[in-house]
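Read the structure below first, then the notes.
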Amino acid sequence: MLARRYGKIINIASMQSFTGGYTIPAYAASKAGVAQITKAFANEWTGRGVTVNAIAPGYMDTKMTAAVKADPVRYERILARIPAGRW
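For the sequence shown, my numbering assigns the number 708 to the initial residue and increments by one for each residue that follows.
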C-alpha cells in the first residue's frame with residue numbers, strides 16, 4: 708500500500724479501548740493497543756496515501772457478554788449509557 712501510495716485499513720477496536728473494562732483487563736488492554744496503533748499508523752501513513760481508521764462497536768449480544776447480561780445491575784447500568792437503548 709505504501710509503495711502504491713494508496714490503501715485503506717479498517718481495524719476493529721472496541722468501546723473498551725477508551726473506557727477500560729470491569730473484569731476484562733486483558734481484553735481492554737488489547738483493544739486499547741488496536742486503537743493506539745491505528746492512530747500511530749494514521750499519523751504516519753495518511754500523508755503517504757494510506758488511510759487508517761478503526762471502528763469501535765459497543766456491547767454486542769455474544770457468549771462473551773452473557774455474564775454481563777445475566778447481572779441485572781450491570782446490565783441496567785450499561786444500558787442506561789447506550790443512546791439507542793439496546794445492545
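Each residue gets a CB set at the ideal place from its N, CA and C atoms; glycine is no exception.
Closest by C-alpha distance to M767, when choosing among R793, Y729 and K746 = Numbered from 1 along the sequence shown, position 60 holds the residue referred to as residue 767. Residue R793 is the option with its Cα nearest to M767.
How should T753 be labelled, buried or exposed, when 16 other C-beta atoms within 10 angstroms of its C-beta is the threshold for buried?
-> On the sequence shown, residue 753 is found 46 positions in, with the first residue counted as 1. Looking at its Cβ environment, which holds fewer than 16 other Cβ atoms inside 10 Å, T753 is exposed.
Counting only the same chain and skipping the five closest in sequence on each side, list residues whose C-beta sits under 7 Å from that of G728.
-> Within the sequence shown, numbered from 1, the residue matching residue 728 stands at position 21. Answer for G728: Y734 and A735, listed in chain order.
Going by other Cβ atoms of all chains shown within 10 Å of its Cβ, with 16 needed for buried, is K738 buried or exposed?
-> As a first step, residue 738 must be located in the sequence shown, where it is residue number 31. Result: buried.
Less than 7 Å separating the beta-carbons of V741 and N760?
-> Working through the sequence shown from its first residue, we reach residue 741 at position 34. Working through the sequence shown from its first residue, we reach residue 760 at position 53. For V741 and N760, no; Cβs fall outside 7 Å.
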